[in-house]
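To start, the structure itself, in structure tokens.
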Amino acid sequence: MGQTSPHTLKGRPLADRVTRDVKTALHDWAALEPPFTPRLVSVLASADEASRVYVQSKEKQACKLGVDFGVRDLGSQATQAELHAALRDLSDDPAVHGIMLELPLAPGLDADEALLHIAWRKDVEGLTPANLALIAAGREQEALLPPTPRSIRFLLRDVLGDDLSGLRVAVIGPGRTVGRPLTFMLNNRGVTVTLCNERTRDLGDVLKDMDAVVVAVGKAGLLRADHVQPHHVVIDAGINVPPEGGVTGDAEAGLPVRAQTPVPGGVGPLTSALMYQNLVRAVKLQRGEAVE
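UniProt numbering puts the first residue of the sequence shown at 1, with every later residue one more than the last.
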């Protein structure tokens, strides 16, 4: 069922499967006459070092896959107008097929306003209002889905089976990039969703009857052993960098549950692979090709 031990659910096997399909699509396009290579551009507008490290990781993966990767670095002093202009320029450029706006933005910049200026068919991270509205309306087949929520749904299906309908899942963390779209995406599959946050009282009682718990808050140690049950599947999408270094999730490691994703190595690898799958889907939408 995708578990490497009774309690560890790693994302790499699923990521490898997705990446193989991405490579096939890229290979087919490269064999065209003339050859076609999609271009993906990451937009930076901050001094956030973590974002720069993340961009470098994306660029490394793009090179491995054969994707043309570019960076539009506006710096931490960029104005809202300059950011909007850059996003519109990339959206209007037929040579650009995917756009990523790296968050967080510099203080004073509004991400919600900026996302309005990304063409939804180039929004490989699925964060524009147009894509989120399609998801909320139950029209996922027409949308580019956010990779992290989609990764979570993949992992849940790997343990609980392809048909998630009727299951009960708690989502801790109502954030724009994970919790909110995931709630709609699970509901679209017939899942009963309980949306919680870091201030939810009596969390253990709330979670007791759930089949799975997803946590995506950004607070280390938020989900503890006294909150969970042996039958739970725990998907940890939290990212925290402690003072001593390394990366931890929002859940304590080694919880006494049916399955738990590690951090790192759980949601992350699959999210990266699905982002490049989104690029393939974005290209097909832009070229008028059939999409699944």
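Note that the Cβ used here is the ideal one computed from N, Cα and C, for glycine as well.
Item	Value
Simplified DSSP assignment, three categories, for Asp123	strand
Segment contact flag, the region 42–52 with the region 105–113, C-beta cutoff 8 Å, min 3 pairs	yes
In chain order, each alpha helix (DSSP H) run of at least 4 residues that lies wholly inside the region 22–88	49–65
Simplified DSSP state of Ser151, which is helix, strand or coil	helix
Proximal residues to Ala282 (C-beta, below 7 Å), its chain only, five neighbours per side dropped	His97, Gly98, Arg121, Lys122, Val124 and Leu144
Of the listed residues Ala237, Asn187 and Glu113, nearest to Asp163 (C-alpha basis)	Asn187
Delimiting residues of the beta strand (DSSP E) encompassing Arg168	Arg168 to Ile172
Rounded straight-line distance, which links the Cα of Gly249 to that of Gly221	8 Å
Coil, strand or helix - Thr200 by DSSP	coil
Beta-carbon proximity check, Ala170 vs Ala225, cutoff 9 Å	no
DSSP-derived helix/strand/coil call for Leu279	helix
The region 253–265 / the region 223–242 touching (three or more Cβ pairs under 8 Å)	yes
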